[in-house]
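One structure is given below, encoded as structure tokens.
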Amino acid sequence: MNANMIVPEPVSGLEFSTHADPAGSFRVFAPPDRYFVIPSMVRDLLQLIDGKRTLEEISRLHGGQGHPAIDADSLHRLLRQNFSDLVIVEGSRPTERAAKSPMWFRVPVLSASAANRVGSAFSKLYQSSFLAVTSLLLLLLHLGFVFLKLPTLPSFTDPRLWVIPILVYTVSTLWHEVGHISALRAYGQSPGAVGFGFYRMFPVMYSDVSRSWLLSQKQRVIVDLGGIYFHLIFAAACVVGYAFTQEIVWAQSAVLIYAGVLANLNPFLRLDGYWVASDLLDRSDLRKNSRHVLRAAVKGGQDSGESKWVRLYAWLSLGYFAWLAWWVGSRFIPRALAGVQELWGKLSTGSAGEGWLGHPVVLAGMILLLAFAMIGAVTLFVAGLRMVWFTFSPQSKPESQASAPEKG
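The letter at position 96 of the sequence shown is residue 103 when you use the working numbering, and the numbering goes up by one with no holes.
Here it is in structure tokens:
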């Protein structure tokens with residue numbers, strides 16, 4: 008068939024970012040959850056493909072935009088060989104690849120349509136002036152509470168007092184996800200579902216904000232921090248509740264949320280802080296980039312081609328995961344096992360029948376928390392060892408080229 012007369016079609020649902028990255032590249036989103044980084048010249052080419060124009064017309068229009076000339080035959084080969092995931096040529100179909108996600112179990116709480124409605128309702132909280140003023144007020148309120156009021160409170164040693172704060176914190180994690188989807192709606196993109204799931208072996212709330220890849224760098228960072236922003240709003244309500252009622256349960260709830268915020272700011276685990284670092288450094292898979300930096304350094308100081316900030320992040324990441332493996336293996340797991348042994352001893356001897364430990368809700372909660380703590384500890388221990396092994400092992404296998412990691 009004459010290549011001049013071939014009419015290519017874009018994959019259904021293809022979308023292009025309107026903001027260039029610092030390097031001048033653009034993102035194209037291919038449903039359901041894949042995106043690609045492409046140069047502006049390629050973006051201009053793909054945007055000419057509408058299922059109506061022939062390759063000859065596309066070639067002529069692309070050249071008319073000031074780009075280097077490319078004939079229809081060369082364009083035909085280019086599209087089939089390099090852009091089969093984005094363009095259908097002569098009846099071809101993009102390769103269906105199952106996305107490998109660490110989120111192996113999901114239970115939606117809000118459907119995509121419901122998430123859009125909820126996100127739209129709270130998107131006003133991201134108006135630039137309101138966001139700046141509110142963030143400043145939240146910072147002052149929480150700093151004042153932590154440094155002025157919290158030291159005066161009694162120690163929270165009775166585990167029974169933590170039952171309600173844990174429930175409050177659980178509710179706040181859903182509000183955290185509303186923060187992400189509201190930020191996404193504020194910038195004109197639609198979120199997917201919000202729900203509960205297991206990320207590897209960790210129970211988590213999740214929100215599908217994969218379409219944030221189409222936003223500018225600054226907007227992506229705000230979406231990344233949206234959950235923390237909403238978490239601090241929730242904590243502020245707890246602080247105000249304590250101020251009016253003097254009920255210690257609200258102070259404890261605020262403390263739990265503070266701990267959750269600090270944990271989420273960790274830039275090395277795939278939490279909000281990691282995505283902030285990824286977007287600030289303009290890398291879609293910062294962990295993979297870090298591993299390549301470290302492997303290049305180990306192999307005789309080869310140039311990884313990465314910026315100094317990515318290289319710095321890579322070495323800090325290696326140090327963190329090495330420390331994590333040491334701390335979990337030598338400190339946390341032995342102490343947790345000792346706690347399990349003590350609890351089991353009390354249960355087996357019947358001495359747990361009195362006091363707070365005898366309460367069935369507290370007992371069940373402690374067993375569940377210990378189980379998740381042990382599973383999480385082992386997972387983190389293995390993650391730390393894998394990072395160190397990948398860096399220094401001479402026979403580490405190269406990583407496969409998977410689709411971009413999902414945000415959530």
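For every residue, glycine included, the Cβ atom is placed at its ideal position computed from N, Cα and C. The model shown is predicted, which means the values in this text are computed figures rather than measured ones.
Using DSSP with H/G/I as helix, E/B as strand and the rest coil, what is residue i?
i	result
residue 260	helix
residue 46	coil
residue 97	coil
residue 27	coil
residue 247	helix
residue 162	coil
residue 194	coil
residue 474	A question about residue 474 goes unanswered here, because the residues of the chain that appear run from 8 up to 415.
residue 174	helix
residue 109	coil
residue 274	coil
residue 341	helix
residue 90	coil
residue 207	coil
residue 290	coil
residue 60	coil
residue 70	helix
residue 306	coil
residue 313	coil
residue 9	coil
What's the C-alpha gap between residue i and residue j?
i	j	result
residue 14	residue 50	18 Å
residue 188	residue 261	23 Å
residue 339	residue 321	25 Å
residue 268	residue 212	14 Å
residue 388	residue 276	12 Å
residue 53	residue 17	8 Å
residue 341	residue 386	15 Å
residue 190	residue 81	42 Å
residue 349	residue 335	20 Å
residue 171	residue 246	15 Å
residue 360	residue 273	Residue confidence is low: residue 360 scores 49 on pLDDT, short of 50, so the model does not pin down where it sits. No coordinate-derived value is stated.
residue 206	residue 113	9 Å
residue 250	residue 204	35 Å
residue 263	residue 153	12 Å
residue 141	residue 63	55 Å
residue 315	residue 169	44 Å
residue 422	residue 284	Nothing about residue 422 can be read from this structure; the chain reaches only from 8 to 415.
residue 83	residue 177	53 Å
residue 282	residue 96	35 Å
residue 296	residue 303	11 Å
residue 22	residue 291	17 Å
residue 324	residue 266	21 Å
residue 88	residue 293	27 Å
Can you tell which of the options has its C-alpha closest to the C-alpha of residue i?
i	options	result
residue 119	199, 170, 349	199
residue 217	30, 23, 27, 36	36
residue 85	263, 10, 230	10
residue 398	385, 326, 384	326
residue 313	248, 288, 332	288
residue 79	66, 91, 177, 176	66
residue 143	58, 317, 240	240
residue 156	20, 130, 257, 283	257
residue 234	129, 29, 97	129
residue 12	58, 22, 20, 31	58
residue 384	394, 395, 337, 176	337
residue 121	69, 169, 215	215
residue 109	278, 83, 270	278
residue 72	55, 31, 88, 87	55
residue 116	281, 202, 291	202
residue 253	126, 160, 192	160
Short of 7 Å in beta carbon distance, which residues of its chain neighbour residue i, apart from the five on each side in sequence? Order them along the chain.
i	result
residue 237	182, 183, 185, 186
residue 286	224, 227, 228, 231
Tell me whether residue i counts as near the ligand ATP, meaning its Cβ is closer than 7 Å to at least one heavy atom of that ligand.
i	result
residue 264	No copy of the ligand ATP appears in this structure; indeed no ligand is present at all.
By Cβ distance, which residues of its chain are closer than 6 Å to residue i, with the 5 residues on each side in sequence left out?
i	result
residue 24	33, 34, 221
residue 197	123
residue 48	74
residue 300	311, 313, 318, 321
residue 391	328, 331, 332
residue 194	222, 226
residue 180	212
State the beta-bridge partners of residue i as determined by DSSP.
i	result
residue 214	201
residue 22	36
residue 397	Note: residue 397 sits in no beta bridge, so no partner.
residue 115	202
residue 41	37
Residues in its own chain within less than 8 Å of residue i by CB, not counting five upstream and five downstream?
i	result
residue 243	145, 148, 149
residue 27	33, 47
residue 70	76, 77
residue 270	278
residue 137	131
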